[in-house]
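So the protein sequences, as listed, match chains A and B.
Quick note: the first sequence uses this note's numbering, first residue 154, plus one each step.
Quick note: the second sequence uses this note's numbering, first residue 3, plus one each step.
Glycine included, C-beta positions come from ideal geometry on N, C-alpha and C.
Owing to the predicted nature of the structure, the values given are computational and were not obtained by experimental measurement.
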Amino acid sequence: MVSAIAADPREQRVWDELATIPDPEIPAISVVDLGVIGSVHVDEERVRIELLPTFVGCPAIGVMQEQITARVSELGLAAAVEVVVTFDPPWTSDRISAEGRERLRLSGFAPPQSMPAGPALGQLDELAVLPMAVCPYCGSRNTTLDNPFGPTLCRAIYHCADCRQPFEQFKQV
Amino acid sequence: MTAVAPDLDVTAREALAELLLSVADDEFIIGFWDSEWTGIAPMLEEDVATSSIAQDEIGHARALYELLAELTGQDADLIAYGREPDAFRHAALLNHARGDWAFSVARRYLYETADAVRLGSLARSAHEPLALLAGKMRREETYHLMHAEAWLRRLAGGAPDRLADAIATLWPDAQEVFAPLAAESTLVRTGLLPEPMASLHATWQARVRPELLPIAGELPAAAPTRDGRAGRTDEFRWLHAEFTSVFASEEGATW
C-alpha cells in the first residue's frame, strides 16, 4: 500500500491506517490509492480528514465516512474524528495512484486514462471521454465502449475484440 | 462550523438561495423522470444508463440542497421531500411526464445542452462552494451530454417524425431553464451568477438551433418567461406523490 509521507508522526499514523481501508465498491483498492483522501490534520482535540467524492452522487460516501471514522478513532489520537466531504479540490481520476491503477487492473478493471497534457491542463471542468480502454486481461487496445454507464456511477463497460471479454473501466472524470 | 458565506448580505443570500433552489429542483426532477425508465427502457444498456444518470442527477440535487441548507439553516431532506408541489421551482420543461423514448431523448438533449451552458457559468460563481460543485458536476455531465447527443443522432435516423414532434412540443418550455430569477440583478451584480440568464439563453440557442435544424426544421422564435418556473401540471403532481411517498409514510423517520 502506498501512503503519503506526513511531517507529523500522528498524521503519518492516520495515513498508514487509511491505506488499509478498502473502497466499499471496489475493495481491491484503498481509499488512499483511490485518491479520495484530500488532507489529514491532527491537533489536540480532533483528527480532521477531508474526503473528496469520486462522483457527487456516490452512494458509498456515507459508508466511507463511517468506516474511516471508526478505524481512525481506534488509534486514540484525539477525542474526536471528523470526516468532512469537500469538492476542494475536486476529485479527478488522475488522483488514482500508480499502485492503485495496477491493483484495479489486476482485479479486472481498466484504470482510467490519464488526462491529456497541454492546453486542457488545469481546466478541471473540461473532460475528453475516450472511446477506447486498454483491456485489463490481455492488454489489447482493440476495444470498444459498450456503455459509458455501468453498475456503479464510476464504472463504464467495454468489450475486447481480441480476447472477447467484456470488462469494466474505472471512468475518467 | 463557521457561518457560510459571511461576506454576503441578506439580499445576496436570498438571491443565492433562489438560484440554488432552481438548479437543485431541475436536477432533482429530471433525475426522478429518468428513474421512471429503470427496468423498461428499450434495451438493457439503457436500463443501466438511465438509472445511472438518474442517480447522478439526484446526487447533484442533493449536493445543491445541502449548499442551500447550509446557507439558510434548513434541513436538506426537508427541502427535497417536505415541500408541496407548488413550492417547487424547476423549469416548465420538467413538468412533462416521461412520455415515450423519443420524448425522453428530446427532453434529455434540450435539458443537458441547457444545463451545460448554465454549469459553465456557475463554475465561475463568486460563491466558491457553488463554483467548486459546478466544476465537479460539469465533468460528470459530460457523459450525460454525450449520451443525449448520441441518441438524438440515432433517433433522427430511425424515428425522425416522433423525435421532431417531441422537440416541437418541448421547445417553448425548454427556454424556461433560463427563466429570469426574481433576484437576478443582485445575483449578477455580486457575481454569484456571472452572466444574466438572457445571455446564457442566447448562448444555448446558438448552440442547439443548428443541431436541431435538420431534425425538427426551423424552430419558432422563443424566449424564457417570468413564470417559467411556476405553475405545476398534474403530471408533475403525480411524480411528486411518487417520490415523496416514503418520506410521507413516516415523517421524521431516520434509518
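Task: Per-residue contacts from B:Asp58 into chain A (C-beta, under 8 Å) - done: The sequence position of residue 58 of chain B within the second sequence is 56, counting from 1. Ordered by position in chain A, the residues that pass the 8 Å Cβ test against B:Asp58 are Phe208, Val209, Gly210 and Leu306.
Open item on the list: So within the stretch 141–182 of chain B, which uninterrupted alpha helix (DSSP H) runs reach at least 4 residues, ignoring any that extend past its ends?
Closed with: As far as the stretch 141–182 of chain B is concerned, its whole alpha helix (DSSP H) runs of at least 4 residues are 162–176.
Task: Residue-chain proximity (A:Phe302, chain B), Cβ-Cβ < 7 Å - done: Reading the first sequence from its first residue, position 149 is the one you call residue 302 of chain A. Output row for A:Phe302: interface = yes.
Task: Residue from A:Arg199, A:Lys324 and A:Ser192 with nearest C-alpha to A:Thr242 - done: Counting from one through the first sequence, the residue named residue 242 of chain A turns up at place 89. The amino acid at residue 242 of chain A is misidentified as Thr; the sequence shows Pro. Ranking the options by Cα distance to A:Pro242, first place goes to A:Ser192.
- [ ] Identify each residue in the stretch 313–326 of chain A for which the Cβ-Cβ distance to at least one residue of chain B is less than 8 Å, and report them in chain order.
- [x] Taking a C-beta cut-off of 8 Å against chain B, the contacting residues of the stretch 313–326 of chain A are Lys324 and Val326, listed in chain order.
Open item on the list: Within 7 Å of any Cβ in chain A, is that where the Cβ of B:Arg231 sits?
Closed with: Along the second sequence, read from residue 1 onward, the residue named residue 231 of chain B stands at position 229. With 7 Å as the cut-off, B:Arg231 does not count as an interface residue toward chain A.
Task: Whether B:Leu147 touches B:Leu157 by CB criterion (7 Å) - done: Here residue 147 of chain B corresponds to residue number 145 of the second sequence, with the count starting at 1. Here residue 157 of chain B corresponds to residue number 155 of the second sequence, with the count starting at 1. No, they are not a contact pair.
Open item on the list: Looking at chain B, is there any beta carbon in it that lies within less than 7 Å of the beta carbon of A:Asp176?
Closed with: Position 23 of the first sequence holds residue 176 of chain A. Chain B, which has no Cβ nearer than 7 Å to the Cβ of A:Asp176, makes this no.
Open item on the list: When you measure from the CB of B:Thr192 to every non-hydrogen atom of the ligand COA, does any distance come out below 6 Å?
Closed with: The ligand COA is absent from the structure shown, which contains no ligand whatsoever.
TODO: With distances taken Cα to Cα, identify the nearest neighbour of B:Ala225 among B:Thr256, B:Ala176, B:Glu197 and B:Glu186.
DONE: Indexing the second sequence from 1 puts residue 225 of chain B at position 223. Nearest of B:Thr256, B:Ala176, B:Glu197 and B:Glu186 to B:Ala225, Cα basis: B:Ala176.
- [ ] Starting from A:Pro328, find everything on chain B with Cβ-Cβ shorter than 9 Å and list it in chain order.
- [x] Limits of chain A in this structure are 154 at one end and 326 at the other, which puts residue 328 of chain A out of reach.
Open item on the list: For A:Gln165, report the span of its alpha helix (DSSP H) as first-last.
Closed with: By 1-based counting over the first sequence, the position of residue 165 of chain A is 12. Its alpha helix (DSSP H) spans residues Pro162 to Leu171.
Task: Cβ contact (3+ pairs, closer than 8 Å) linking the stretch 36–54 of chain B and the stretch 16–24 of chain B - done: Too few Cβ pairs lie closer than 8 Å, so no.
TODO: Specify, as a first and last residue, the run of the alpha helix (DSSP H) that B:His92 falls within.
DONE: Your numbering for residue 92 of chain B matches position 90 in the second sequence. The continuous stretches of alpha helix (DSSP H) do not include B:His92, and DSSP gives it neither H nor E.
Open item on the list: Between A:Ile182, A:Asp315 and A:Phe320, which has its C-alpha nearest A:Pro115's C-alpha?
Closed with: There is simply no residue 115 of chain A to check, as chain A begins at 154 and stops at 326 in what is shown.
Open item on the list: On the criterion of 16 or more Cβ atoms from any shown chain inside 10 Å, does B:Thr188 qualify as buried, or is it exposed?
Closed with: Locating residue 188 of chain B in the second sequence gives position 186, where the first residue counts as 1. B:Thr188 is buried by the Cβ-count criterion.
TODO: Could you tell me whether the Cβ of A:Phe240 comes closer than 7 Å to any Cβ of chain B?
DONE: Here the question's residue 240 of chain A lines up with position 87 in the first sequence. True, the Cβ-Cβ gap to chain B drops below 7 Å.
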